[in-house]
Amino acid sequence: MTSFSLKLARISQKPSVLNNLKRGIEREALRYSEESRLAKTPHPKALGSAYANKWITTDFSESQLELVTPVSTSIETLFAQLEDIHHFTQTNLGNEYMWPMSMPYKVNESDIVLGQYGTCNAGRLKTLYRKGLKHRYGSKMQIISGVHYNFSFPESFWDELFGKQHKQERQEAKSNAYLGLIRNYYRFGWLIPYFFGASPAVCSSYIKDLKTDKMFLKAEDMLYLPHATSLRLSDIGYSNSNQEQLNIGLNSLDDYLSGLKKAIRTSSPAFEQMGVKVSGEYQQLNSNILQMENELYAPIRPKRVPEENEKVYEALSQRGVEYVEVRALDINPYSAVGISEDQVRFLDLFLVWAVLKDSDLMTKQEKDISLSNWNKVIHQGRKPGLQLECCSSENAQTLKEWAMSIIKEIIAVAKAMDKANGDIKYQSVCHKLAAAIHYPEFTTAGLLQADIEKAGGIGQFGHEMGTKHTRSHLKHRYRFYKAQDMENEVARSLHEQEASEKSDVLDFDAFLAANS
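Have a look at this one:
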C-alpha cells in the first residue's frame, strides 16, 4: 500500500473525523447600477459599518462588497448563512445589483472609489493601504472579484492521523501538514481553474491600458482566448509578476515566514520613487515590497486568526497554522451566491486528498514548473491534448491523463467522506467532474463561453444573470439567521466604529509609526 492509502485507511476506520471539517466563505461582488455600470454610490449605511460589520464589508473599493460567513462544520448551514447574508444585502441595495462575474465590465480607473472606513486611525490605515495598492498596481486590477474558501481540519482528524501528542508537538505537526497540503496544492491545484475557472473572456475596455503579449480574439464587447479558463488568474488579472522574485518558501512554516517577513521589511526602489508622504499627504503605508502581509498574491495561504493588535506573521509564528485560505476561485456566475455546493464538496475532497498524499519538499525549480502548469491551464486549459510537465517524471503528460489519475485517488477519499455522511454526494461530484475532464465544454469556462456568445456579449449576459440572481435574493426567506440578527449586527458595527473614532489617542503619524 502507498503512504496515501495507509493514511486514508487509518482515517476511514473512524469516518466521523471527516464530519467536522471547518469551512468559511468570503464572496466579493461589485455593486452595479441598472444600466450595468459600476455603482458610484457609497457603501450603503443600511448595511452597517464596512469597518466593523463581521458579515458585510468592502474589499478594495466602496463598490466592492465582501460577504463573509462564520466558520461552519455543515455545508447546509454554510449555504443557509451565505444566502441569508446575500438576501439582507440585496434588500438594501435599492436598484443596484451584484455583478455575477469576477472580471469587471466597462470600468474606468476614475470610476473606482477607495474603500472608506471612517476617521479612526485603524480605518484610515485600511484606506491608505488601498491607496498604496492603487498607486502600485492600478485600481482596475484590484476590483477583480473572487471567492475565498477557508478550510481546516478538526482536532479529531489530527488525533487519528498523528496519535496523541503534546501541545507543542501537535502544533508543529499540524503546521507541517498544512504546508505539505499547500505544496500539493501548487503541484495539482491547476485542477481548480480547469473545472471552475469562470473568466475565459474579459470586457474589451478592461484591456485598454494594459500591456500584454496575448493574442486575444474579439467578439461583441469582449476579448477572449479560445481555450482559456480563468483570465482572472492570468497576468492581466489579479496577479503580480513583480512578486515572483520573492520566492517565498513552502517547505516549513519558518521558511514561509522568513520570506514573508523579508518582503514586508525590504524596501522596493520602484515604490521608493513613488514616495510615502508627498506634499504632506500619504500615498502608501511604506515603500516596502509588501506594505503588509495581505499584499502577497498567492493561490493559497496558510492562516491563523490574529489576536488584537497582532500581525498575521506573528500569529502564525507564535501559534502555528490554523487553516488554509484557498484563493483560486472565480465567482461562479451560475450560482446566486458565487459558489455552488458541488464546488465546496470538490474543494473538501481535494484538500483532504492533498493533506493525505505524500508531499516532498519543493525546490524552486519544481515550484516554477508547477506555476508554469497553472499558467498553461489558465490560458489554454480546454485545448485538446494540452500537455503539462510532471516534476516526478521526465515525460510530460496530457492534462486529461493526469487529471483522471488524480480523480481516481480523490474518489477513494469521496467514498470515505460519503461513508461518514451516509450518502453519495461526494462521489457524485467526482463523476460529474470526470465528465468535464473528457469534455472540456462541460467545464464552467466552456459553458460560460458558449452562454456569453449566445447572449450577445458579456454585458448582456452579466445583466441577465445578475437580474435573475437579484430576484432570487429578494424572494429568499431566512434559513439560519433572522432579519433582527442582521439589523443587530448593523447597529453593533456602527457603534463599534463610533467608539473607535472616539477612543483614538494618537495622531495618525504616531499611529502609523507604532504599527510599522
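Residues in the sequence shown are numbered from 42 upward in steps of one, following the working numbering. Where a beta carbon is used, it is the ideal one built from N, C-alpha and C, also for glycine. The model shown is predicted, which means the values in this text are computed figures rather than measured ones.
So, helix, strand or coil for residue i, using DSSP?
i	result
D39	Given that the chain is displayed from residue 42 to residue 557, the structure contains no residue 39 and the question cannot be resolved.
C471	helix
M592	Here the chain has residues from 42 to 557 only, and residue 592 is not among them.
H420	helix
Y522	coil
L429	strand
A437	strand
K86	helix
V243	strand
S197	helix
Q325	coil
V454	helix
E107	strand
Q297	Correcting the residue identity first, residue 297 is Tyr in this sequence and not Gln. Correct three-state label for Y297: helix.
K318	strand
S400	coil
M527	helix
Identify the continuous beta strand (DSSP E) that holds residue i and give its terminal residues.
i	result
K344	I341 to K344
T98	I97 to T99
Y190	G187 to S193
R50	Correcting the residue type first, residue 50 is Ala in the shown sequence and not Arg. That residue, A50, is in no beta strand (DSSP E); its alpha helix (DSSP H) goes S44 to S53.
Please look up how many angstroms separate the CB atoms of residue i and residue j, rounded, as I've assumed it's under 8 Å.
i	j	result
G230	A339	Actually they are not in contact, since the Cβ atoms of G230 and A339 sit about 11 Å apart, beyond 8 Å.
Y14	T168	Not covered by the structure: residue 14. The range shown for the chain is 42 to 557.
L357	L298	6 Å
G422	P234	7 Å
Y146	I499	6 Å
L392	L222	6 Å
C432	I448	With a Cβ gap of about 20 Å, C432 and I448 do not count as contacting.
V367	F192	7 Å
I452	Q468	6 Å
How would you write the range of the alpha helix (DSSP H) that residue i sits in, first residue to last?
i	result
G65	Per DSSP, G65 belongs to no alpha helix (DSSP H); it is in the beta strand (DSSP E), K63 to Y73.
L166	N162 to Y178
G507	I499 to K516
A369	Premise fails: A369 lies in the beta strand (DSSP E), Y364 to D371, not in any alpha helix (DSSP H).
E494	T485 to A496
V396	E382 to L397
Q131	I116 to T132
L222	K208 to F229
Q359	V353 to R360
L232	L232 to F237
Q314	P310 to M315
D550	F549 to A555
Shortest alpha-carbon distance to residue i belongs to which of the options?
i	options	result
H84	H207, H536, S513 and L106	L106
Y92	F552, E530 and A554	E530
F521	T114, A453 and F120	F120
L155	Y146, Y170, P145 and M142	Y170
V396	L134, L553, S151 and V454	V454
K172	E213, E103, Y227 and Q438	E103
L47	K175, S115 and E201	E201
E75	M182, W140, F129 and P343	W140
V109	C161, K86 and A70	A70
S541	T160, L62 and K81	T160
S557	I451, L174, E351 and N416	E351
T511	I126, I52 and F257	I126
Q131	R533, L553, L440 and S513	S513
A239	I185, Y226 and H207	I185
E150	S143, S180 and Q122	S180
Buried or exposed: where does residue i fall if 16 or more other Cβ atoms within 10 Å of its Cβ makes it buried?
i	result
K509	exposed
P572	In the structure as shown, the chain starts at 42 and stops at 557, and residue 572 therefore has no counterpart that could be examined.
Y480	exposed
N136	exposed
R518	exposed
E67	buried
G204	exposed
L515	exposed
A218	buried
R306	exposed
A304	buried
M445	exposed
H504	buried
A242	buried
H536	exposed
T404	exposed
V148	buried
H207	exposed
K249	exposed
Q183	buried
Cβ-heavy atom distance between residue i and the ligand SAH below 7 Å?
i	result
E201	The ligand SAH is not part of the structure shown, which contains no ligands of any sort.
Any C-beta of chain B sitting closer than 8 Å to the C-beta of residue i?
i	result
I493	In the structure shown, chain B does not exist; there is a single protein chain.
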